[in-house]
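J.: Pasting a structure here, questions to come.
Dropping the structure here:
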């Protein structure tokens with residue numbers, strides 16, 4: 001879509017150029033046919049400064065090698081065996097003895113930079129904004145007239161603000177000290193890190209000991225602007241780490257929530273829990289494939305089917321495991337750990353046999369693609385925002401099930417006193433099966449969320465099983481609130497440690513902290529109370 005808009009904008013400019021009849025001063029055209037590279041680049045900048053359709057047509061012809069000159073140095077545009085005189089903008093008979101104007105890499109770069117500035121005059125808002133953001137990284141003083149003209153015509157406040165920054169960036173190279181100082185001070189409100197090298201260069205010295213920027217007031221202003229940009233970047237980085245920490249915590253929460261039920265409430269050490277996440281992710285992939293094949297027009301809604309399907313498939317697999325294997329191993333933690341580890345290997349091999357060993361891609365729906373830009377440069381992706389709210393919804397649903405439903409009442413009864421619950425008519429075996437199925441189904445929902453953040457493979461769950469156990473143990477066995485706080489806390493700590501210590505050392509530091517914490521407080525953040533603690 002962006003390419004179509006770009007082509008439309010270029011086509012619009014070309015069409016208007018063909019109908020224009022304004023003249024370009026021959027004094028600007030003659031250097032293009034000469035041999036002086038500096039004069040040719042200066043001519044390109046001056047032509048671009050005209051900021052009109054004829055200038056665009058000429059520069060576009062120079063870029064496409066359709067600009068010619070006769071022996072007298074008169075320049076012509078030749079397209080489709082038709083000649084145009086840029087001095088008048090009118091068609092002329094094909095001149096004799098013309099030769100193509102050679103364009104080297106340096107001149108081509110100047111032409112492309114000048115042409116990019118013309119996008120500032122596009123009728124499309126997104127095209128103008130993209131052009132302004134691109135020019136902010138390195139605007140040339142020769143583009144100032146074009147930028148000024150674009151500023152005069154611009155009505156969009158966001159684009160106008162960016163253009164003002166672009167103009168200030170271009171003015172950093174002005175020969176006038178007052179203009180440079182005003183440009184430096186204007187950049188104080190920017191959060192663009194690419195501006196820092198140009199400002200820092202002003203503070204450097206030449207080999208003879210003099211400053212590159214000779215005016216002291218400009219250097220002082222540059223120091224203040226660099227400090228302001230650094231402070232703004234630090235705030236942006238902090239907010240970014242905060243958001244991505246909550247995002248990581250939400251993923252850990254979805255991965256650990258099912259384990260908090262099977263391990264926290266039932267005491268089952270399920271090493272195959274990660275593979276239940278993987279099953280949920282592959283179920284999402286299957287739903288996406290079915291939608292692509294049978295309902296391609298509704299592909300954006302495949303998640304509405306994938307969520308219940310992943311819950312039912314993963315929950316069904318969990319129920320089968322509980323009824324066939326785990327029910328015989330209650331009260332035997334070591335045998336349960338070894339058995340479920342073997343089951344995890346079997347599930348991974350089963351998935352490899354069906355889907356292959358290579359990762360498969362699960363694409364985000366269009367409404368989850370992209371993101372929202374805040375604080376100038378921080379992009380909050382839609383898929384992570386959706387996952388955060390989805391995790392909150394799942395936690396609320398689990399709390400309602402465990403505290404407000406008949407199943408939750410029976411689960412709490414069996415957890416507190418299995419023998420007494422059995423004596424009063426509660427089918428403890430059925431409750432065990434349904435509880436394990438619920439925890440497995442929630443793991444399947446976690447797999448759906450993980451599929452929206454990256455590729456899906458047979459080893460997907462292996463990266464989350466250890467983190468999930470850490471979340472459950474740190475939060476407190478059987479405590480839903482502790483699981484939520486531990487997941488978000490570990491996500492935040494991990495994201496803030498990674499830039500300082502690296503990803504591996506951050507993981508090691510968190511593991512050491514949890515080991516020390518459990519030594520001092522074995523019950524976790526929230527201890528179980530009453531009969532549940534016995």
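Residue numbers (our numbering): 1 to 534.
Using N, Cα and C, we set each Cβ at its ideal position, and we do this for glycine too.
Just so we're clear, the structure is a prediction, and the values are computed from it rather than from any experiment.
Give the C-beta separation of residue 507 and residue 244 to the nearest angstrom, bearing in mind that I take them to be a contact with Cβ-Cβ under 8 Å.
T.: Contact flag wrong, Cβ pair sits at about 16 Å.
J.: Assess, as a yes-or-no matter, whether the segment 197-216 is touched by the segment 249-256 under the definition of 3 or more beta carbon pairs within less than 8 Å.
T.: Verdict: no, contact absent.
J.: With a threshold of 16 other CB atoms inside 10 Å of the CB of residue 154, please say whether the residue is buried or exposed.
T.: Classification for residue 154: buried.
J.: Considering only the alpha carbon of each residue, which of 85, 51, 113 and 280 lies closest to residue 66?
T.: Closest by alpha carbon: 85.
J.: May I ask you to report which of helix, strand or coil DSSP gives residue 272?
T.: Three-state result, residue 272: coil.
J.: So, for residue 373: in the same chain, excluding its five sequence neighbours on each side, which residues have a beta-carbon less than 6 Å away from its beta-carbon?
T.: Cβ neighbours of residue 373 beyond the five flanking positions: 379.
J.: In chain order, what residues of the same chain lie with their CB nearer than 8 Å to the CB of residue 299, ignoring the 5 residues before and after it?
T.: These residues qualify, in order along the chain: 288, 291, 292 and 365.
J.: Can you give the Cα-Cα distance for residue 96 and residue 36, rounded to whole angstroms?
T.: For residue 96 and residue 36, the distance between alpha carbons rounds to 24 Å.
J.: Does the Cβ of residue 282 have 16 or more other Cβ atoms within 10 Å, making it buried, or fewer, making it exposed?
T.: Answer is buried; the Cβ neighbour count reaches 16.
J.: Can you tell me which of the three DSSP states residue 213 falls into?
T.: Coil.
J.: According to the Cβ coordinates, are residue 261 and residue 337 closer than 7 Å?
T.: No; because the gap between Cβ atoms is not below 7 Å, this pair is not in contact.
J.: Rounded to a whole number of angstroms, what is the C-alpha to C-alpha distance between residue 38 and residue 176?
T.: Their Cα atoms are separated by approximately 21 Å.
J.: Between which two residues does the beta strand (DSSP E) carrying residue 85 extend?
T.: 82-85 is the extent of the beta strand (DSSP E) around residue 85.
J.: Would DSSP call residue 88 helix, strand or coil?
T.: In the structure shown, residue 88 sits in coil (DSSP, three-state: anything other than H, G, I, E or B).
J.: Within this structure, are the beta carbons of residue 255 and residue 122 separated by less than 7 Å?
T.: Contact flag unset, no.
J.: Measuring alpha carbon to alpha carbon, tell me which of 183, 115, 319 and 92 ends up nearest residue 63.
T.: Of 183, 115, 319 and 92, the residue nearest in Cα terms is 115.
J.: For residue 183, collect the residues of the same chain with a Cβ closer than 6 Å to its Cβ; drop the 5 residues on either side in sequence, then sort them by chain order.
T.: 168, 171 and 172, listed in sequence order.
J.: Taking the straight line between their C-alpha atoms, what separation do you get for residue 148 and residue 174?
T.: Cα-Cα distance, rounded: 15 Å.
J.: Quick one: is residue 339 buried, meaning 16 or more other Cβ sit within 10 Å of its Cβ, or exposed?
T.: Buried, since its Cβ has 16 or more Cβ neighbours within 10 Å.
J.: Could you check which residue in 473, 499 and 295 has the C-alpha nearest to that of residue 521?
T.: When only C-alpha atoms are compared, the closest one is 473.
J.: What are the complete alpha helix (DSSP H) segments, minimum 4 residues, inside the segment 215-260?
T.: Runs of the alpha helix (DSSP H) inside the segment 215-260: 216-259.
J.: Relative to the C-alpha of residue 310, which candidate in 502, 466, 128 and 447 has its C-alpha closest?
T.: Minimum Cα distance to residue 310 is reached at 447.
J.: Roughly how many angstroms separate the alpha carbons of residue 43 and residue 25, rounded to a whole number?
T.: One C-alpha to the other measures close to 11 Å.
J.: Which residue from 98, 72 and 47 puts its Cα closest to that of residue 110?
T.: Answer by Cα proximity: 47.
J.: Between residue 151 and residue 163, which are expected to be in contact by the criterion C-beta below 8 Å, what is the C-beta distance as a whole number of angstroms?
T.: Right, the Cβ-Cβ distance comes to about 5 Å (below 8 Å), so this counts as a contact.
J.: Check whether the segment 347-359 touches the segment 447-457, taking contact to mean three or more Cβ pairs, one atom from each stretch, closer than 8 Å.
T.: Contact between the segment 347-359 and the segment 447-457 is present, because at least three Cβ pairs lie under 8 Å.
J.: Quickly, what does DSSP pair residue 69 with across the bridge? List them, please.
T.: In the DSSP output, where bridge partners are listed per residue, residue 69 has 75 and 99.
J.: Would you mind stating whether residue 428 and residue 422 have Cβ atoms separated by less than 7 Å?
T.: Yes, they are a contact pair.
J.: Taking only the alpha-carbon atoms, compute the straight-line gap between residue 190 and residue 500 and give it to the nearest angstrom.
T.: Distance between the alpha carbons of residue 190 and residue 500 is about 25 Å.
J.: Mapping the DSSP letters down to three states, classify residue 373 as helix, strand or coil.
T.: Strand, per DSSP.
J.: Where residue 334 and residue 325 are concerned, what is the direct C-alpha to C-alpha distance, given to the nearest angstrom?
T.: One C-alpha to the other measures close to 14 Å.
J.: When burial is assigned at 16 or more other CB atoms within 10 Å of the CB, is residue 483 buried or exposed?
T.: Buried is the call here.
J.: In angstroms, rounded to a whole number, what distance separates the CA positions of residue 30 and residue 102?
T.: So the two alpha carbons sit approximately 14 Å from each other.
J.: Residue 490 lies in the alpha helix (DSSP H); which residues open and close that run?
T.: From DSSP, the alpha helix (DSSP H) with residue 490 extends over 480-501.
J.: In this structure, how does DSSP classify residue 456 when only helix, strand and coil are distinguished?
T.: Reduced to three states, the DSSP call for residue 456 is strand.
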